[in-house]
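Here is the structure we will look at.
Numbering (full-length UniProt numbering), first residue to last: 1 to 175.
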């Protein structure tokens, strides 16, 4: 996949399989050494795609958007955004997820995808956004810092997958 040909556009239900694959493959690459390997090996792109098919096929979701980065006719990355789910960040937006295939990391396509998401959120009337990142994900944290995000002091531990995931929250103003 050549990132130069990348196009960022609104996600459609037909993109669910590609998003599911990107979601799983990027987790397997980014979280190796952070999550148990057996957990990562068991991730199923088809199951993840089914979840995305439901999300993308749902009736209009208030102030939410999903975008894909299409490269050579295939989904190479995606971002999902909407209102913050945190009670202490009411009124702010949240980047729920942003993932890119590992072979596209460092290509600039992730930045274009994030910029499009932030512009979309500003267009939806938000003036600030938050996101959660794995505390040990130094690559992701550098990406966010370079993009104008700052740690806001909030932390959480998610035990839902059966092991603890320590996360830190970042915040930034929107353009």
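Quick reminder that beta carbons are idealized off the backbone N, C-alpha and C, glycines included. Computed from a prediction, not measured in an experiment: that's the story for all the values here.
Counted within 10 angstroms of its Cβ, other Cβ atoms place residue i as buried (16 or more) or exposed
i           : result
residue 155 : exposed
residue 44  : exposed
residue 143 : buried
residue 78  : buried
residue 33  : exposed
residue 42  : exposed
Top-ranked residue by Cα proximity to residue i, from the options
i           : options               : result
residue 92  : 100, 160, 137 and 125 : 125
residue 159 : 73, 134 and 87        : 134
residue 175 : 101, 129, 29 and 64   : 129
residue 15  : 76, 64, 61 and 37     : 76
residue 100 : 37, 114, 148 and 136  : 114
residue 38  : 56, 173, 95 and 161   : 161
residue 138 : 81, 167 and 21        : 167
residue 47  : 60, 108, 31 and 22    : 22
Proximal residues to residue i (C-beta, below 8 Å), its chain only, five neighbours per side dropped
i           : result
residue 9   : 67, 68 and 70
residue 153 : 169
Residue-level contact to chain C via CB, residue i, 8 Å cutoff
i          : result
residue 21 : Checking the listed chains, one finds no chain C in this structure; it contains a single protein chain.
Residues that DSSP places opposite residue i in a beta bridge
i           : result
residue 155 : 168
residue 90  : Beta-bridge pairing links residue 90 to no other residue.
residue 173 : 128
residue 70  : 7 and 75
8 Å Cβ cutoff met for residue i and residue j
i           : j           : result
residue 102 : residue 29  : yes
residue 62  : residue 120 : no
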